[in-house]
Structure formats: C-alpha cells, structure tokens
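In what follows, a single structure is set out as structure tokens and then discussed.
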Amino acid sequence: MSHHHQTQELQGAAFWENHYGQSQRVWSGKVNQVIENLVAPLTPGTSLDIGCGEGGDVLWLASRGWKATGLDISTTAVARAKEDAAKHGLDESQTQFIASDLKDWNPEQLFDLVTLSFFQAPFEFPRAEFLRKAARLVASGGHLLALSHASLPSFAQIPEHELPNFPSPEQELEALALDPAEWNILTAQTRERSITAPNGEPAVMDDSVVFVQRKG
Ligand SMILES: C[S@@+](CC[C@H](N)C(=O)[O-])C[C@H]1O[C@@H](n2cnc3c(N)ncnc32)[C@H](O)[C@@H]1O
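So that you can map any letter, position 105 of the sequence shown is 1476 in this note's numbering, and since no number is skipped, the others follow by simple counting.
Here's what the structure looks like:
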C-alpha cells in the first residue's frame, strides 16, 4: 500500500477508515476469478461476504440471484457499496450492507455461502478467530470460501526479512480447526493468478484458496 508509511501507527477500524478515505472508489465490476469459478455452479441462496470493502463481490453475487449481504468495519466502504447497489438497481431484498466489526456482529440467521476475501492487514489481528466465526455462520449444507494472498506480486521487491506472513491453505485449515464429522474440504490449494504490474507488464501472484462445505 502506497500510504503504508503514513498509516503504520493505525490499526483496526481506524486503519481501514483511513485506507478507504485515501483511495478513490473504483468499481471494476469484475469479480475475482476464483470466486466466480467456485461459486457459479452453486444454487443461489443467502450469502455473506465478510470484509466486503466497496461491495463488488456482493453485487456480483446478487446479480447471480444470491440474497447477498456484505459486512465491513469501514463505514466509508459500506456507504460506497450501498450507493453502487442503488446505482445497479438492486433493492434490499437482493443486497444488504452492514457496517460493523465482525467481532461484535451476531446475526440470528445462518448463510448458505460465507466468503472472506483477502481478509488480511499489515498489522497483527486474530485472523484465526475471525475464520472460526465465519465458519459458525455457515448453514448446514452451506459453503465457506476463504481466499487470501499467499505471496507478493511477482514484481514486488521486498527484502526477505521484511516479507509479510502469508497464510498457506494448510495454515488456514489449521486455524479453522473444522470438525471432520461436520465438514467436507472441497479445495485447499494455492492458485496462481495473472495480474498486470504497475508498468503494464504481465505478472502473477498466488492466492490461497480454502473452500469447504458444512455437511447437510
Ligand atoms: C484487504 S480488504 C479486502 C476487501 C475485499 N474483500 C476485496 O477482496 O477486495 C479487507 C477488508 O476487511 C475489512 N475488515 C477488517 N477488519 C474487519 C472486521 N473486524 N470486521 C469487518 N470487516 C473488517 C476492511 O475494512 C477491508 O475492507
């Protein structure tokens, strides 16, 4: 993040408000390829995207017939997501956005699909607890998709001792600590994704993909 040097003191909600406050809204309309590939075959039901940011994935899910909820700790990001939903003509039966810390949010309903995409931060936070809470919000027969950066982009140059700690699929599963009597592991792998470097050259980066289903 280009503004990292200014924000290294900030953590949690303050970090994310600052992050969205400093960036322009970008509505690419493009969903992450991994999400598209894994979710497209599922029968639409209720979905929850945790750390939805400006809501691009939520709007994509709604366009595929999901009753899609997005949750994010940043009120700025959620306000932008709501604006985009209205712009795309989606009403509250199709998309809902909630500005809250997942830690403090305890819905009565469970969801047929729970996604966490790039729920990562340049500061320490209890990621494992968030993953386990996400799993508890999955309805029986429903799916959980945890997608995270597993490497820096191939163009990034960072000294080895400063490399951030990227979760591997194995570490994600260990953090989730799923009961095998209750869950099927459908995918736990690292996948390479094509991206474009700032200089316009093609580049790659690795995503860790964990896709599991609560038994029905
Ligand atoms: C790296 S961004 C990823 C955004 C989006 N999912 C994407 O794929 O582009 C992580 C998001 O998680 C949100 N977030 C961080 N901690 C959170 C928490 N405790 N509860 C809810 N959202 C949180 C941040 O505001 C941010 O939008």
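Note that the Cβ used here is the ideal one computed from N, Cα and C, for glycine as well.
For K1586, count neighbouring C-beta atoms within 10 Å of its own C-beta (all shown protein chains included) and say buried if the count is 16 or more, exposed if not. As a working note, residue 1586 is residue 215 in the sequence shown. Per the 10 Å Cβ criterion, exposed.
Under 8 Å, do V1583 and N1555 count as touching if we go by C-beta distance? Here the question's residue 1583 lines up with position 212 in the sequence shown. Here the question's residue 1555 lines up with position 184 in the sequence shown. In contact: V1583 and N1555 (Cβ atoms closer than 8 Å).
Candidates G1424, I1406 and A1559: which alpha carbon is nearest D1455's? Taking the sequence shown and counting its residues from 1, one reaches residue 1455 at position 84. The alpha carbon of D1455 has as its nearest neighbour, out of G1424, I1406 and A1559, the alpha carbon of G1424.
What residues in its chain sit with their C-beta under 7 Å from that of I1566, if we drop five residues either side in the sequence? Here residue 1566 corresponds to residue number 195 of the sequence shown, with the count starting at 1. P1524, A1574, V1575 and M1576, listed in sequence order.
Taking the beta carbon of P1412 as the centre, do at least 16 other beta carbons fall within 10 Å, making it buried, or is it exposed? Looking up residue 1412 in the sequence shown gives position 41. It is exposed - the Cβ of P1412 has fewer than 16 other Cβ atoms within 10 Å.
D1578 beta carbon near ligand 1 (any heavy atom closer than 7 Å): Along the sequence shown, one-based indexing puts residue 1578 at 207. Because no heavy atom of ligand 1 lies under 7 Å away, the Cβ of D1578 does not count as near it: no.
Apart from the five residues on each side of it in sequence, which residues of its chain come closer than 7 Å, Cβ to Cβ, to L1547? By one-based count along the sequence shown, residue 1547 stands at place 176. In chain order, L1502, R1503 and A1506 place their CB closer than 7 Å to the CB of L1547, counting only its own chain and leaving out the 5 sequence neighbours on each side.
Would you check whether ligand 1 has a heavy atom nearer than 7 Å to the C-beta of G1422? If you number the sequence shown from 1, residue 1422 lands on position 51. G1422 Cβ: within cutoff of ligand 1.
Backbone CA spacing between E1380 and W1387 [nearest angstrom]: For the purposes of this step, residue 1380 is taken as residue 9 along the sequence shown, with counting starting at 1. For the purposes of this step, residue 1387 is taken as residue 16 along the sequence shown, with counting starting at 1. Cα to Cα, the separation comes out at about 12 Å.
Burial state of F1489, where buried means 16 or more other Cβ atoms lie within 10 Å: For the purposes of this step, residue 1489 is taken as the residue at position 118 of the sequence shown. Of the residues assessed, F1489 falls on the exposed side of the cut-off, its CB having fewer than 16 other CB atoms within 10 angstroms.
Spatial distance of T1447 from Y1391 (CA atoms): For the purposes of this step, residue 1447 is taken as the residue at position 76 of the sequence shown. For the purposes of this step, residue 1391 is taken as the residue at position 20 of the sequence shown. Those two C-alpha atoms are separated by around 7 Å.
Keeping to the same chain, check which residues put their C-beta closer than 8 Å to that of A1406; ignore five residues upstream and five downstream. In the sequence shown, the residue the question calls residue 1406 occupies position 35. First, the amino acid is wrong: residue 1406 is Ile here, not Ala. Taken in chain order, the residues that qualify are D1428, W1431, T1486, S1488, L1516 and L1518.
Output yes or no for whether 8 Å exceeds the beta carbon distance between Q1467 and T1440. Position 96 of the sequence shown, counted from the start, is the residue given in the question as residue 1467. Position 69 of the sequence shown, counted from the start, is the residue given in the question as residue 1440. Yes.
CB-CB length for L1484 against V1581, believed under 8 Å: In the sequence shown, the residue the question calls residue 1484 occupies position 113. In the sequence shown, the residue the question calls residue 1581 occupies position 210. Not confirmed; about 14 Å, so no contact.
I1469: first and last residue of the uninterrupted beta strand (DSSP E) it sits in: One-based indexing of the sequence shown puts residue 1469 at position 98. In the DSSP assignment, I1469 falls within the unbroken beta strand (DSSP E) covering T1466 to A1470.
Mind checking whether the beta-carbon of F1526 lies closer than 7 Å to any heavy atom of ligand 3? Ligands present in the displayed structure are limited to ligand 1, and ligand 3 is not among them.
Starting from H1459, follow the alpha helix (DSSP H) in both directions and report where the run begins and ends. For the purposes of this step, residue 1459 is identified with residue 88 of the sequence shown, where counting begins at 1. No alpha helix (DSSP H) contains H1459, which DSSP labels as neither H nor E.
Enclosing beta strand (DSSP E) for W1431 [first to last residue]: By one-based count along the sequence shown, residue 1431 stands at place 60. First-last for W1431: G1427 to S1434, but that is the alpha helix (DSSP H), not the beta strand (DSSP E).
When the Cα atoms are used, what is the spatial distance from A1521 to K1453? Along the sequence shown, read from residue 1 onward, the residue named residue 1521 stands at position 150. Along the sequence shown, read from residue 1 onward, the residue named residue 1453 stands at position 82. Cα to Cα, A1521 sits roughly 30 Å from K1453.
Report the option in I1444, P1415 and I1421 whose CA atom is closest to the CA atom of A1385. Counting from one through the sequence shown, the residue named residue 1385 turns up at place 14. Closest option to A1385, Cα to Cα, is I1444.
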